[in-house]
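**Q**
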Amino acid sequence: GESVGLHLPTLSVQEGDNSIINCAYSNSASDYFIWYKQESGKGPQFIIDIRSNMDKRQGQRVTVLLNKTVKHLSLQIAATQPGDSAVYFCAEIETSGSRLTFGEGTQLTVNP
Amino acid sequence: ETGVTQTPRHLVMGMTNKKSLKCEQHLGHNAMYWYKQSAKKPLELMFVYNFKEQTENNSVPSRFSPECPNSSHLFLHLHTLQPEDSALYLCASSRGLPVGELFFGEGSRLTVL
């Protein structure tokens, strides 16, 4: 259950699989990017961030990849668990202009 | 707990009512934000305050009136709303501007009848 390249509004994976969630951003001047997770009935929570001088950053079970050439951001979740079920969305920030734009979310559903 | 508290969590109001949403942050941040979240749409920025001063009004109708008495508190006053204003209203804070990581509250779910 992976999706590469295209943003999908929903993604369904089996527990234990790896998940890839994609985000295309629009502002070439954006230099800071954040992935948020929003569980049902809750506010968005920070997962991981990356600055434009990097192309990869790893956290605990999560990796963010940044491709500035095609203005594409992805979030990889390793060994997806039921607790990972949520809406995930990216934010692009142009720090000099203080512009922050959120992408469309992807609803990740993890099947046991 | 994110350090950003919103009340009420749920609100139902008629189109002629006046109500207010409240947000309080305990993070020592200087910037606070109101966002609107509608189903299947990206988060929409409404207002930004930095050190109590409004720095952005994203073409929000005047039936939404923000108030920021200090850096820790933010209100959204609502009057004569429309059914299409029904949404989740999220408050967020950040250390300041330029904008960086936002810390969100749990949101206030508003239903306008």
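First to last, the protein sequences are chains B and W.
Per my numbering, the very first residue in the first sequence carries number 117; after that it's consecutive.
Per my numbering, the very first residue in the second sequence carries number 8; after that it's consecutive.
C-beta: ideal position from N, C-alpha, C; glycine also.
Keep in mind it's a predicted model, so treat the numbers as computed, not measured.
1. How about residue 49 of chain W and residue 219 of chain B: do their beta carbons lie closer than 8 Å?
2. Quick one: which chain B residues come within Cβ less than 9 Å of residue 35 of chain W?
3. Any idea what DSSP makes of residue 113 of chain W, helix, strand or coil?
4. Determine, using beta carbons only, whether residue 9 of chain W comes closer than 8 Å to chain B.
5. So, is residue 207 of chain B buried or exposed, given that buried needs 16 or more other C-beta atoms within 10 angstroms?
6. Which residue or residues does DSSP assign as beta-bridge partners of residue 65 of chain W?
7. In the DSSP assignment, find the unbroken beta strand (DSSP E) run with residue 227 of chain B in it and report its ends.
8. Which of helix, strand or coil does DSSP assign to residue 131 of chain B?
9. State whether the stretch 156-168 of chain B contacts the stretch 111-119 of chain W, with contact taken as three or more CB pairs (one from each stretch) at a distance under 8 Å.
10. May I ask you to list, following chain order, the residues of the stretch 105-119 of chain W that have a beta carbon less than 9 Å from some beta carbon of chain B?
11. CB-CB under 6 Å to residue 82 of chain W, same chain, minus the five flanking residues each way: which ones, in chain order?
12. If the cut-off is 9 Å on Cβ atoms, which residues from the stretch 83-100 of chain W count as contacting chain B, listed in chain order?
13. Using Cβ-Cβ distances below 9 Å, what residues of the stretch 146-180 of chain B are close to chain W?
14. For a cutoff of 8 Å on Cβ pairs, would you count residue 73 of chain W as touching chain B?
15. Measuring straight from C-alpha to C-alpha, what distance separates residue 98 of chain W and residue 90 of chain W?
16. Can you give me the Cβ contacts of residue 14 of chain W inside the same chain, cut-off strictly under 6 Å, excluding the 5 residues immediately before and after it?
17. When burial is assigned at 16 or more other CB atoms within 10 Å of the CB, is residue 9 of chain W buried or exposed?
18. Identify each residue in the stretch 27-59 of chain W for which the Cβ-Cβ distance to at least one residue of chain B is less than 7 Å, and report them in chain order.
**A** Reading off the structure:
1. When the beta-carbon positions are compared, residue 49 of chain W and residue 219 of chain B come within less than 8 Å of each other.
2. Going along chain B, no residue has its Cβ under 9 Å from residue 35 of chain W, so there is no contact; the nearest lies around 17 Å.
3. DSSP places residue 113 of chain W in coil when its eight states are reduced to three.
4. Yes, residue 9 of chain W lies at the interface with chain B (some Cβ there is under 8 Å from its Cβ).
5. With a 10 Å radius around the Cβ and a threshold of 16 neighbouring Cβ atoms, residue 207 of chain B comes out buried.
6. According to DSSP, residue 65 of chain W bridges with nothing at all.
7. Its beta strand (DSSP E) spans residues 222-227.
8. Residue 131 of chain B sits in coil when the DSSP states are folded into three classes, being neither helix nor strand.
9. Result yes; three or more Cβ-Cβ pairs closer than 8 Å.
10. So the close ones are 105, 106, 107, 108, 109, 110, 111, 112, 113, 114 and 116.
11. Within its own chain, the residues whose Cβ lies closer than 6 Å to the Cβ of residue 82 of chain W, once the five positions on either side in sequence are excluded, are 27, 29 and 74, listed in chain order.
12. Going along the stretch 83-100 of chain W in chain order, one finds 95, 97, 98 and 99 with a Cβ nearer than 9 Å to chain B.
13. From the stretch 146-180 of chain B, only 148, 150, 152, 154, 157, 158, 159, 160, 161, 162 and 165 have a Cβ closer than 9 Å to chain W.
14. For residue 73 of chain W, the answer is no, since every Cβ of chain B falls outside 8 Å of its Cβ.
15. Near 21 Å, if we compare the C-alpha coordinates of residue 90 of chain W and residue 98 of chain W.
16. The answer, listed in chain order, is 29.
17. Result: buried.
18. Taking 7 Å as the cut-off between beta carbons, the residues of the stretch 27-59 of chain W near chain B are 49 and 50, in sequence order.
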